[in-house]
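According to the numbering used here, the residues represented by the sequence shown are 227 to 501, in order.
Ideal Cβ placement from N, Cα and C applies to all residues, glycine included.
These numbers were taken from a predicted model, which means no experiment stands behind them.
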Amino acid sequence: MTNNQLQNFLEIATEAALAAGSVLQSFCGKLEEIQEKGRSGDLVTEADKASEAVILEILGRHVPDHGILAEESGKLGDASSKYLWAIDPLDGTTNYAHQYPWAAVSIGLLIEGIPQIGVIFDPFHNELFRAAKGLGATRNRQPIAVSQISELSKSLLVTGFAYDRRETTDNNYAEFCHLTHLTQGVRRSGSASLDLAQVACGRVDGYWERGLAPWDVAAGVLIVSEAGGQVTAYDKSAFEINSGRVLATNGRIHAPLSDALLNVPPLSSWGSITR
Ligand code: IPD
Ligand code: CA
Ligand code: CA
């Protein structure tokens, strides 16, 4: 893959993300249809669908022979293609449905299974995060880098809770308490792609989450790596996009955060006593 080819795919992803962002802005506060997708709390709105339709139209025009994995439409296009676009047309649907302005469009391109293009657009703060493999990461076309914080006790983290949280005890609650205790704080933003984008530009020092889909993270993991961060499984082994789990940090707190995630005390140990 030449840099020119990557740059071309980056521009296609950018065109699609910006167009989808306009769709999200136009529907915001005017939603007529908010449905649950089966699992309690997992919402879909006409904005998710309209945003995805715009992205699919643009990709269909530029790269009709590529494969697609889109949150609302599933698998489309040529399943044997080495190119797979992983699309989240609205990451942060719960926020969006409540008019809490923290949501984004996330478009990643995997080439032979490896994230090589990532574009995340937050239309409410007008922030465009982009990366191409080997070419660096930017916010609004200016280079970005992860933070310098090197101690967990001085770090600010972000995480999330998947829609199956009521159906499993592996719901990240114990991890949230443990890391809240060990750091300056743990935020829960409600948009996995924006969580990764905040790691990439140094506003938070690390992010972990379970229960994720490829479209939640395909763009963001590349943007973090290209901004100088580290992306792995919780145990520091290689990141697997289909595992649903990710640990993404500035690199400097990666080992202590991994250790903390592998040694989480039971929830019952958190009471009213400050330790
Ligand atoms: C969700 C958000 C949220 C994360 C969930 C995702 P959606 O995506 O990224 O932050 O905690 O696991 O499913 O449903 O808003 O596209
Ligand atoms: Ca999502
Ligand atoms: Ca979504």
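Bridge-paired residues (DSSP) for residue i
i    : result
K190 : Only positions 227 to 501 of the chain appear in the structure, and residue 190 is not among them; the question remains open.
A312 : L295 and G334
L182 : Nothing can be reported for residue 182: it is not among the residues displayed for the chain, which extend from 227 to 501.
T394 : Paired residues: none, contrary to the question.
Q424 : Partner(s): none; Q424 has no beta bridge.
A363 : A357
Y433 : V384 and A474
A464 : T458
L269 : E262
Chain-order list of residues whose beta-carbon lies under 8 angstroms from that of residue i (same chain, five-residue window excluded)
i    : result
Q424 : V384, S415, V430 and Y433
E298 : V270, D274, K275, E278 and P315
G255 : Q325
Of the listed residues the options, nearest to residue i (C-alpha basis)
i    : options                   : result
H407 : A312, A246 and L382       : L382
N476 : S419, N468, T458 and T240 : T458
N229 : R436, G437 and A358       : A358
P315 : A246, K256, E262 and P482 : A246
Y309 : E297, T319, A296 and E338 : E338
A469 : R478, R436 and D396       : According to the sequence as given, residue 469 is Ser; it is not Ala. Taking only the C-alpha atoms, the option nearest S469 is R436.
Same chain, Cβ closer than 7 angstroms to residue i, five either side skipped, listed in chain order
i    : result
Y460 : W434, R471, L473, S484, L487 and L488
G362 : P369 and E452
A305 : G293
C403 : L493 and W496
S307 : D291, H292 and G293
Cβ pair residue i, residue j closer than 8 angstroms
i    : j    : result
V372 : G411 : no
P341 : L448 : yes
L269 : I281 : no
S303 : H292 : The amino acid at residue 303 is misidentified as Ser; the sequence shows Gly. Yes.
A243 : V345 : yes
G286 : A312 : no
Residue i - containing alpha helix (DSSP H), residue span
i    : result
W441 : P440 to E452
A357 : No alpha helix (DSSP H) holds A357; the beta strand (DSSP E) holding it covers E353 to A358.
D485 : H480 to L488
Y322 : T319 to A323
L493 : Per DSSP, L493 belongs to no alpha helix (DSSP H) and is neither H nor E.
L285 : E272 to H288
Nonlocal neighbours in the same chain, by C-beta distance under 6 angstroms from residue i, ignoring five residues either side
i    : result
N321 : W328, A329 and G416
I375 : S381 and D431
H480 : Q456
S332 : D314, D317, I346, S419 and A445
Host beta strand (DSSP E) of residue i (start-end)
i    : result
D348 : I340 to D348
E262 : I260 to E262
L236 : Careful: L236 lies outside any beta strand (DSSP E), inside the alpha helix (DSSP H) at N229 to F253.
Contact with chain D by residue i, beta-carbon distance below 8 angstroms
i    : result
N352 : Absent here is chain D; the protein component of the structure consists of one chain.
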